[in-house]
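Protein chains in written order, with the UniProt record's numbering: chain F, 1 to 493; chain R, 1 to 333.
The C-beta atom is built at its ideal place from N, Cα and C for all residues, glycine as well.
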């Protein structure tokens, strides 16, 4: 029904998809699996008409089609549930479902009553109780996801694409979603299902496509595959070299967080990180992990609780004091929070140390250059010249500059938020090696990561957050995909 | 689920209600000090005085709802007012509807320039309309070259538009009411109207959703320009004398009225009714302060305090709403 033929897509220098084929058949559920960064979400966005493919064709009912935008794809009967819900917070739930397709009465006016009634029907079908009139603002991630599902259902789609829809759902909700997906499939729709949970994949889907590093590795009937075979195909490389974890003996408690609360974001979060220890903070998107590390670093002021570094309390909401106490934060979004894109590599690398490097309040180029050179060399940053703007570097090298910037302050507590998002495998391994070395030198490392292999491969302990609360503290020996996911979703799988 | 729902509705209503209450309070206090404040003539003057600001505020609200801003409305008003006067000078017998259409058309054209630049160049509206504020005013100055158009140059029945009343309601105010209701219905009951809210609420999600963001924003600016053009024609009818300074500096008054009226400056929420109420409130303050014996120089400070109060109220409402909604979102798993 819907097919991709030899589709490639690049963003700048990064090839997200390379010669990918995919065929969705009417009345069949098809699973797409692969590690984060394998190109699944890019593929979804091509099917949804968000990105046009660079090369290759999209075939609908055997005929090549070009989607000018998401509206074209939707008109062709393709409904997409994105990984991260995209709702309009100010509008009502019903309007979010029917935006652009609201039922109309005389004079083409919107029929609010019909819209409300049809929203109720959809929620009944999904078996959830949600008020169609409330604004979308403040819905939990799971509820937002349910609204997205209702939205997709309301279009009577011929092709239903679900990009990790179950990540935030509880067991009962997942079953209801699957019942709906099955009934759509039995009515002749094609379903594409993306998930990290293998039991769900085998439960729902007849065929499975495995992707790795932007390529399609294999497509096979689900009955011919086992979980072990899938994992081997997904990873396809030696996990040990990707996660060069050095075993260290943890020292004294470096970072001590007690009862940290910020209303509406997280509450009563307490944990410690010892010197030499790598502690991962895992959880679903929106669980409040980034908000916690921002509060620890003093970017946001918490409403309650205390942060202690080497047993000395930090003043709340005071970033300079946090830096002075030896904290460093490598933020999640390097473009917006980590780098000044227009400034040169060396300027960026020395930003947090500009006072230490200045003499009589003036910064001299020489000191800046020397300091920058030391760290960019140690991290093997590949840049044309140290004076080039950071914007010209690749994602992986930008991330190294952010690391260089904070490592030059010689931190005793390093907080990294999604340190390897959107960078290639080689650089990932280098970043991991670096974190490992730092821990071996006695630095306390707190790592926020959504990539389970990274969490499991690197961390001495895994802290798991769910909906603003710290729900689990799992030592390395007891941490596996299942225990972390169960804690993160609250599911009884 | 019932309790939070009613709370939500109450909070939605409260935004316009709060301004209406402030207006009633102000009028009540002023009336108590001087009963002539509510004489038929004074009420009529108040309505007349609010009309032009209210029409501009409706257009501005449409733009602000999409998370943009139109700073060029004062200049468009000036240009349209002068163009209207000039048309009457060259064609004395011109029918009034033609004058109205000409003004609205010129305004729409200016709005299209704004919208086109914003959509094509992907430059923030603040910068683009700050530029066209000066450009349009500059065109106005060049065209007028110090000339002034007087009441004598314009036909009697056109000027009567600014003074006549139907059943005690000034004709000008009726224009504002028609514009207000039209825009209100469009924004509430039409798909493209709702899409303007969606764009202001989350532009990226709107794009992902396939809403033609550029086209909708373009037409929002055309609407704002057209209404500024209409306001220009009405300005000419009301004041009779027009020079190149008509509407100078009114853009910030307009934005103030819209914000006081409860339209969120970051888009996505608020209504044109609130914006119009904001315009009436600001005008009423202007005429109430002298009656209350307060130095009119305080008027600007009062407007400023109102803006800060409106924003403060907005924030506290948002926080309270968020807390209630969060509490209400547990579905008893």
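Could you spell out the range, first to last residue, of the alpha helix (DSSP H) harbouring residue i?
i, result
"residue 271 of chain R", "Run containing residue 271 of chain R: none; DSSP gives neither H nor E here."
"residue 59 of chain R", "40-65"
"residue 119 of chain F", "112-126"
"residue 320 of chain F", "319-324"
"residue 263 of chain R", "Here residue 263 of chain R belongs to no alpha helix (DSSP H), and DSSP marks it neither H nor E."
"residue 79 of chain F", "Run containing residue 79 of chain F: none in the alpha helix (DSSP H); it sits in the beta strand (DSSP E), 78-81."
"residue 70 of chain F", "70-75"
"residue 96 of chain R", "96-121"
Measuring only the C-alpha atoms, how far is residue i from residue j?
i, j, result
"residue 221 of chain R", "residue 121 of chain R", "15 Å"
"residue 210 of chain R", "residue 34 of chain F", "28 Å"
"residue 399 of chain F", "residue 57 of chain F", "34 Å"
"residue 186 of chain R", "residue 178 of chain R", "12 Å"
"residue 437 of chain F", "residue 210 of chain F", "33 Å"
"residue 256 of chain F", "residue 445 of chain F", "12 Å"
"residue 7 of chain R", "residue 159 of chain R", "Low confidence applies here, because residue 7 of chain R scores a pLDDT of 48, under 50, leaving its location unreliable; read the following figure in that light. When rounded, the distance between both Cα atoms is 49 Å."
"residue 142 of chain R", "residue 86 of chain R", "13 Å"
"residue 197 of chain F", "residue 103 of chain F", "37 Å"
"residue 149 of chain F", "residue 55 of chain F", "31 Å"
"residue 122 of chain F", "residue 138 of chain F", "21 Å"
"residue 401 of chain F", "residue 378 of chain F", "11 Å"
"residue 343 of chain F", "residue 139 of chain R", "40 Å"
"residue 195 of chain F", "residue 203 of chain F", "12 Å"
"residue 17 of chain R", "residue 128 of chain R", "34 Å"
"residue 66 of chain R", "residue 374 of chain F", "48 Å"
"residue 92 of chain F", "residue 159 of chain F", "26 Å"
"residue 34 of chain R", "residue 40 of chain R", "14 Å"
"residue 282 of chain F", "residue 465 of chain F", "6 Å"
"residue 22 of chain F", "residue 454 of chain F", "28 Å"
"residue 494 of chain F", "residue 291 of chain F", "There is simply no residue 494 of chain F to check, as chain F begins at 1 and stops at 493 in what is shown."
Under 6 Å Cβ to Cβ from residue i, same chain only, skipping five residues before and after it: list those, please.
i, result
"residue 231 of chain R", "52, 55, 56, 77"
"residue 42 of chain F", "9, 16, 17"
"residue 215 of chain F", "18"
"residue 80 of chain F", "48, 161"
"residue 475 of chain F", "461"
"residue 191 of chain F", "29, 160, 181, 185"
"residue 147 of chain R", "none"
"residue 311 of chain F", "none"
Between the Cα of residue i and those of the options, spot the shortest distance and give me the residue it belongs to.
i, options, result
"residue 30 of chain R", "R:294, R:313, R:266, R:301", "R:294"
"residue 236 of chain R", "R:155, R:259, R:166", "R:155"
"residue 255 of chain R", "R:298, R:28, R:43, R:73", "R:73"
"residue 119 of chain R", "R:45, R:190, R:302, R:212", "R:212"
"residue 116 of chain F", "F:72, F:67, F:369, F:130", "F:130"
"residue 311 of chain R", "R:260, R:126, R:243", "R:260"
"residue 447 of chain F", "F:289, F:133, F:407, F:367", "F:289"
"residue 25 of chain R", "R:309, R:301, R:315, R:285", "R:285"
"residue 67 of chain F", "F:87, F:45, F:88", "F:45"
"residue 215 of chain R", "R:43, R:107, R:114", "R:114"
"residue 135 of chain F", "F:264, F:372, F:97", "F:97"
"residue 282 of chain R", "R:82, R:300, R:265, R:38", "R:300"
"residue 102 of chain R", "R:32, R:91, R:229, R:251", "R:229"
Residue range of the beta strand (DSSP E) that residue i falls in?
i, result
"residue 221 of chain F", "215-221"
"residue 30 of chain F", "29-33"
"residue 470 of chain F", "469-475"
"residue 9 of chain F", "2-11"
"residue 169 of chain F", "Unbroken run through residue 169 of chain F: none, as it is neither H nor E."
"residue 267 of chain F", "266-274"
"residue 256 of chain R", "No beta strand (DSSP E) contains residue 256 of chain R, which is instead part of the alpha helix (DSSP H) from 250-260."
"residue 534 of chain F", "Coverage of chain F is limited to positions 1 through 493, which leaves residue 534 of chain F absent and any answer about it impossible."
"residue 306 of chain F", "304-309"
"residue 64 of chain F", "63-65"
If I measure Cβ to Cβ from residue i and keep anything under 7 Å in the same chain, skipping five residues before and after, which residues do I get?
i, result
"residue 326 of chain F", "309, 411, 412, 413"
"residue 467 of chain F", "140, 287"
"residue 63 of chain R", "69, 70, 220, 221, 224"
"residue 290 of chain R", "296"
Who are the Cβ neighbours of residue i in its own chain at under 8 Å, not counting the five residues just before and after it?
i, result
"residue 134 of chain R", "75"
"residue 173 of chain R", "47, 48, 50, 51"
Any contact between the region 261-281 of chain R and the region 197-204 of chain R? By contact I mean 3 or more CB pairs, one from each, below 8 Å. Yes, the region 261-281 of chain R touches the region 197-204 of chain R.
Evaluate contact between the region 447-464 of chain F and the region 269-288 of chain F, counting only Cβ atoms and requiring at least three cross-stretch pairs below 8 Å. Note that the region 447-464 of chain F touches the region 269-288 of chain F; at least 3 beta-carbon pairs, one per stretch, sit closer than 8 Å.
Mind the definition here: the region 80-97 of chain F touches the region 150-164 of chain F only if three or more C-beta pairs lie below 8 Å; say whether that holds. These segments touch.
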